[in-house]
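Protein chains in written order, with the numbering used here: chain A, 3 to 340; chain B, 29 to 283.
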């Protein structure tokens, strides 16, 4: 393929599109070591094998700007976003489909970098991209590149549900919050490097697999858009019970807190892409915390609060002993971060 | 206010209120009656870096207003350069027309208070420096008032710049600030009287808890033939908002 930039011809179903798919997508996503590579770009639809267990299904779209940022790019995000949703629902991710909406004029070298990262990320987790579609949008009608991935996984372990949540249950977060949101914003607005702020985009599968060993695990969610505050609001609305959080226990890395202080952002509402919030029987909370803290991904895990049926909203106990209500997010503090 | 049958000119000055146009209001003037208000005047807009944080951090208002008019903001507290960049790129820096923030800026620029433990601390301390003396009313800086799309804009540039003038004592600057605002109210009231034959002025909003400002304003307006009303039964600050909401709704459904 000679071209350096995407043209409308790359999306018209003809030769240029075939070359794009073969040389950029299939080359990185197919596993050449297998006799039959998993990615069959000739097929209209592909068969998949799911061994008898409960099948879980999810989808996610990715519109992050900029496309590449410290700690990842839209490609790694496209894998983590969907596989993490499967993981926190108690599933092992098995298969992904990939939709790419590419804007005319995009640099092919950039697209290749992104797809390569996507493929590597998927391979590390053990999830296979088995089908996909590409479209090219006219210049000015797309944000460079949009991706969508749909994921299928199989459940392992007990069924979790918000309905199982009880008064007094502990709430644990697997690590510091806000890194992804701030890292992407700094990169997008070209603030320049700030300390070691990077997106926390990563697979949470190790964390969720370890947590599933605990029968007292009620529910897990990954705090993406809207952050911890939104997960807690959702818990409130679904259970009818309140959430009581402790400000001093909420882990936030110093460089992230410093940017938040300067720019007026609240880490409670900022997106993470590699964290888990778990609701667990208080009798098992300490044990789960220690299990997570023993993992690299969970070193800075903390118990940040509990479910409280005596209140009807999300309440934060502040550093100085006061209380403030955490409102549901209205205006997005940071758009286009995932 | 409830007792009048003719239109009034209402100055509603406070720390912050969410404007219909998405701006953080706080320096507005309305002409009319309950249920039928016309927005007729406002403060020159400025972008507040850090948005809500400005309430407890008066230095933000000072920086915002200095940068808006191209004046250097130099302060004892070291400001992370990321703040100015965010202000420049309008990141989490919503527009505001708040007089409460104008007071915060003055308090910070004169060194009275740059970081507060509660909203209004800077303005309160700034007010306490004033000796309320009508003779001092003659020492003021005139606001430039000009029209933009049917809205009269109060341009605070000269006033804010004068707050950085260290040849004047802090007490002198505080006094000039208060009398300048009172004169600005008078100046604009005369313009509206000329245009709309309105003779009654009401003052409401948390800023008018400032006794020096209120009394200066009443003195000037009364001396120029205006009738002035202040809330007597209902609190002038946020505690009175729900009453106002009920009144507005009531008049709207009545008509």
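Just so it is clear, CB atoms sit at the ideal spot from N, CA and C, and this is done for glycine as well.
Inter-residue spacing [alpha-carbon to alpha-carbon] between residue i and residue j
| i | j | result |
| --- | --- | --- |
| residue 297 of chain A | residue 272 of chain A | 24 Å |
| residue 174 of chain A | residue 120 of chain B | 30 Å |
| residue 55 of chain A | residue 218 of chain A | 21 Å |
| residue 59 of chain A | residue 140 of chain A | 32 Å |
| residue 190 of chain A | residue 9 of chain A | 25 Å |
| residue 73 of chain B | residue 315 of chain A | 36 Å |
| residue 320 of chain A | residue 18 of chain A | 59 Å |
| residue 185 of chain B | residue 234 of chain B | 23 Å |
| residue 52 of chain A | residue 66 of chain A | 32 Å |
| residue 61 of chain B | residue 281 of chain B | 14 Å |
| residue 309 of chain A | residue 222 of chain A | 14 Å |
| residue 136 of chain B | residue 220 of chain A | 51 Å |
| residue 128 of chain B | residue 148 of chain B | 8 Å |
| residue 159 of chain A | residue 45 of chain B | 51 Å |
| residue 132 of chain A | residue 26 of chain A | 15 Å |
| residue 174 of chain B | residue 55 of chain B | 15 Å |
| residue 258 of chain A | residue 276 of chain A | 15 Å |
| residue 270 of chain A | residue 97 of chain A | 32 Å |
| residue 1 of chain A | residue 42 of chain A | Only positions 3 to 340 of chain A appear in this structure, which leaves residue 1 of chain A out of reach. |
| residue 90 of chain A | residue 279 of chain B | 53 Å |
| residue 207 of chain B | residue 165 of chain B | 5 Å |
| residue 206 of chain A | residue 86 of chain A | 6 Å |
Within chain B, the residues that residue i reaches when beta carbons sit closer than 7 Å
| i | result |
| --- | --- |
| residue 108 of chain A | In chain order: nothing, as chain B lies at least about 24 Å away. |
| residue 68 of chain A | Neighbours of residue 68 of chain A on chain B: none; closest Cβ ~14 Å, over 7 Å. |
Boundaries of the beta strand (DSSP E) in which residue i is found, first to last residue
| i | result |
| --- | --- |
| residue 66 of chain B | 64-71 |
| residue 58 of chain B | 52-61 |
| residue 309 of chain A | 304-310 |
| residue 281 of chain A | 279-282 |
| residue 244 of chain A | 244-248 |
| residue 206 of chain A | That residue, residue 206 of chain A, is in no beta strand (DSSP E); it is neither H nor E in DSSP. |
For residue i, three-class secondary structure by DSSP
| i | result |
| --- | --- |
| residue 152 of chain B | helix |
| residue 340 of chain A | coil |
| residue 274 of chain A | coil |
| residue 217 of chain A | coil |
| residue 41 of chain B | strand |
| residue 95 of chain A | strand |
| residue 62 of chain A | strand |
| residue 138 of chain B | coil |
| residue 234 of chain B | helix |
| residue 174 of chain B | strand |
| residue 101 of chain B | coil |
| residue 330 of chain A | coil |
| residue 186 of chain B | helix |
| residue 46 of chain B | strand |
| residue 126 of chain B | coil |
| residue 100 of chain A | strand |
Neighbouring residues, chain A, relative to residue i (Cβ below 9 Å)
| i | result |
| --- | --- |
| residue 149 of chain B | Simply none; closest approach about 16 Å. |
| residue 78 of chain B | 263, 264, 265, 266 and 267 |
Close Cβ partners of residue i (< 7 Å) along its chain, the five nearest in sequence each way excluded
| i | result |
| --- | --- |
| residue 226 of chain B | 35, 36, 37, 59 and 220 |
| residue 106 of chain A | 8, 9, 10, 138, 139, 140 and 141 |
| residue 291 of chain A | 174, 303 and 305 |
| residue 245 of chain B | 210, 213 and 231 |
| residue 250 of chain B | 256 |
| residue 233 of chain A | 223, 225 and 279 |
Closer than 8 Å at the beta carbon, the chain A residues around residue i
| i | result |
| --- | --- |
| residue 120 of chain B | 265, 266, 267 and 335 |
Beta-carbon neighbours of residue i, restricted to chain A and to distances below 7 Å
| i | result |
| --- | --- |
| residue 81 of chain B | 266 |
Residue i: contacting residues in chain B (beta-carbon distance under 9 Å)
| i | result |
| --- | --- |
| residue 191 of chain A | 113, 114, 117 and 119 |
| residue 261 of chain A | 108 and 110 |
Own chain, CB closer than 8 Å to residue i, minus 5 neighbours either side, in chain order
| i | result |
| --- | --- |
| residue 63 of chain A | 148, 149 and 150 |
| residue 268 of chain B | 232, 259 and 262 |
| residue 146 of chain B | 84 |
| residue 70 of chain B | 53, 55, 56, 57, 125, 179, 180, 181 and 182 |
Sequence-distant residues of its chain with Cβ nearer than 6 Å to residue i (five each side left out)
| i | result |
| --- | --- |
| residue 183 of chain A | 272, 273, 336 and 339 |
| residue 311 of chain A | 169 and 243 |
| residue 61 of chain A | 152 |
| residue 230 of chain A | 179 and 270 |
Residue range of the unbroken alpha helix (DSSP H) whose run includes residue i
| i | result |
| --- | --- |
| residue 235 of chain A | 229-241 |
| residue 245 of chain B | 239-251 |
| residue 151 of chain A | Taken as a continuous stretch (DSSP letters only), residue 151 of chain A belongs to no alpha helix (DSSP H), being part of the beta strand (DSSP E) at 147-157. |
| residue 139 of chain A | Per DSSP, residue 139 of chain A belongs to no alpha helix (DSSP H); it is in the beta strand (DSSP E), 130-139. |
| residue 175 of chain A | Not the alpha helix (DSSP H): residue 175 of chain A falls in the beta strand (DSSP E), residues 172-175. |
| residue 262 of chain A | 256-265 |
| residue 275 of chain B | 269-282 |
| residue 114 of chain A | 110-127 |
| residue 165 of chain B | Where residue 165 of chain B is concerned, there is no enclosing alpha helix (DSSP H), given that its DSSP letter is neither H nor E. |
CB contact check: residue i to chain D, cutoff 8 Å
| i | result |
| --- | --- |
| residue 40 of chain B | This model lacks chain D altogether; the protein chains it does include are A and B. |
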